[in-house]
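Worksheet: the structure to be examined is printed underneath.
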Amino acid sequence: MAKKTSDSKQKIIKKYIDLFYMTPSEVTARDIAALLQENNGLSTQVWEEMNVVEIELPGDSSIDFEPIDPSFQDPSDAAFIKNRNIKTIYAITVGEEDIKLVVPYFEQLVEKYAGFVCSDSADFNPVYAGTTAKI
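Sequential numbering from 0 applies to the sequence shown in numbering that gives the first Met the number 0.
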């Protein structure tokens, strides 16, 4: 008789959402980390040479902010950026199940540094914090 092995641990596949934080302000990873640490007591790791910050969330999750060049190739995207005077853009990676938890953090960023947090989609919707209205 063959011996059965049971593996009751199933791998959980985490789904991620790609977002942008766009602002007309000049904002560094250090600025983001300091704001979120100060207001929420979150742990952060900053890689200043790359201008990247990882925010450790309660539990076992984190969100990453990585800067991207605000020079979009698509003409409509480039016009969107220009019309809103965007100077700083961060790509944000967040777990789908964490989005409700992190929206208040996004709202704090927008309150302090202006701009908005939106989906990395063709029309930059949905918007999670702030507004994409022209300035």
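Just so you know, even glycine gets a beta-carbon here, dropped at the ideal spot from N, CA and C.
Nearest to V51 by CA position, among S60, G58 and A32, is which residue?
Locating residue 51 in the sequence shown gives position 52, counting from the first residue. For the residues S60, G58 and A32, the minimum Cα distance to V51 belongs to A32.
Using three-state DSSP, classify V101 as helix, strand or coil.
Residue mapping note: residue 101 aligns to position 102 of the sequence shown, counting from 1. Here V101 sits in helix by DSSP.
Do F64 and Y20 have their C-beta atoms closer together than 8 Å?
In the sequence shown, counting from the first residue as 1, residue 64 sits at position 65. In the sequence shown, counting from the first residue as 1, residue 20 sits at position 21. Less than 8 Å divides the Cβ of F64 from the Cβ of Y20.
Quick check on the burial criterion: 16 or more other C-beta atoms within 10 angstroms. Buried or exposed for T130?
Here the question's residue 130 lines up with position 131 in the sequence shown. Result: exposed.
Look up S61 in the DSSP assignment and give the residues it is bridged to.
Taking the sequence shown and counting its residues from 1, one reaches residue 61 at position 62. Paired residues: E55.
Give me the DSSP bridge partner(s) of P66.
Translated into the one-based positions of the sequence shown, residue 66 becomes position 67. P66 is bridged to Y89.
Going by other Cβ atoms of all chains shown within 10 Å of its Cβ, with 16 needed for buried, is K13 buried or exposed?
Along the sequence shown, one-based indexing puts residue 13 at 14. In this structure K13 is exposed. Its beta-carbon is surrounded by fewer than 16 other beta-carbon atoms within 10 angstroms.
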